[in-house]
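Going by our numbering, the sequence shown opens with residue 1, and the numbers climb by one from there.
Cβ atoms here follow ideal geometry from the backbone N, Cα and C, with glycine treated the same way.
So the structure is just underneath, and the comments pick up after that.
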Amino acid sequence: MDTNMPGNCSHITAVNPKSGIRIFPNPFTKSLFVETDNVLTLNEFEVFDLTGRLVYKTTFSKRFEWGGVNHLGDRLSSGVYLVRINHPDGILTSRVFLNPKSD
Numbered sequence: 001m002d003t004n005m006p007g008n009c010s011h012i013t014a015v016n017p018k019s020g021i022r023i024f025p026n027p028f029t030k031s032l033f034v035e036t037d038n039v040l041t042l043n044e045f046e047v048f049d050l051t052g053r054l055v056y057k058t059t060f061s062k063r064f065e066w067g068g069v070n071h072l073g074d075r076l077s078s079g080v081y082l083v084r085i086n087h088p089d090g091i092l093t094s095r096v097f098l099n100p101k102s103d
């Protein structure tokens, strides 16, 4: 791997090829998107803080937009969160970074 290449990475997309699930952008400021190729299945979306506390949970099928809020609708603090998606092929876990809210 050439680490001397010019440029920078503006975001990372987590992809699980087996399940066809994409999580982007990462880091995010306003919204995190989750997409899946399988329209017919219901997926469970969970967000945990780094202490392991569940802060948000919902279900989705094809596409979901999470606005960086908790289950009460309050904006979460900036930082790293763990996203877990339960789907028919298994469980996908990904770290996401919520940037501070832009003015």
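Residue i in three-state terms, based on DSSP
i	result
Val113	The chain is shown from 1 up to 103; residue 113 falls before or after that span and cannot be answered.
Val34	strand
Val96	strand
Leu82	strand
Start-to-end residues for the beta strand (DSSP E) that takes in residue i
i	result
His158	Since the first residue shown for the chain is 1 and the last is 103, residue 158 is missing from the structure and cannot be characterised.
Lys57	Leu54 to Phe60
Phe64	Arg63 to Trp66
Phe24	Ile21 to Phe24
Cβ separation of residue i and residue j, assumed to be a contact under 8 Å, to the nearest whole Å
i	j	result
Phe28	Leu98	6 Å
Glu46	Leu40	Their Cβ separation, rounded to whole angstroms, is 21 Å, which puts Glu46 and Leu40 out of contact at 8 Å.
Own chain residues within Cβ distance below 6 Å of residue i, not counting five before or after
i	result
Lys57	Glu46
Close-in-space but distant-in-sequence residues of the same chain around residue i (CB under 7 Å, 5 per side omitted)
i	result
Phe76	Reading off the sequence, residue 76 comes out as Leu, not Phe. Val55, Gly68, Val69, Asn70 and Leu98.
Asn38	Gly20
Neighbourhood of residue i by C-beta distance below 8 Å, restricted to the same chain and skipping five residues each side
i	result
Ile91	Arg84 and Ile85
Contact test: residue i Cβ vs the ligand ATP heavy atom, cutoff 7 Å
i	result
Val80	Among the components of this structure there are no ligands whatsoever, and the ligand ATP is therefore not found.
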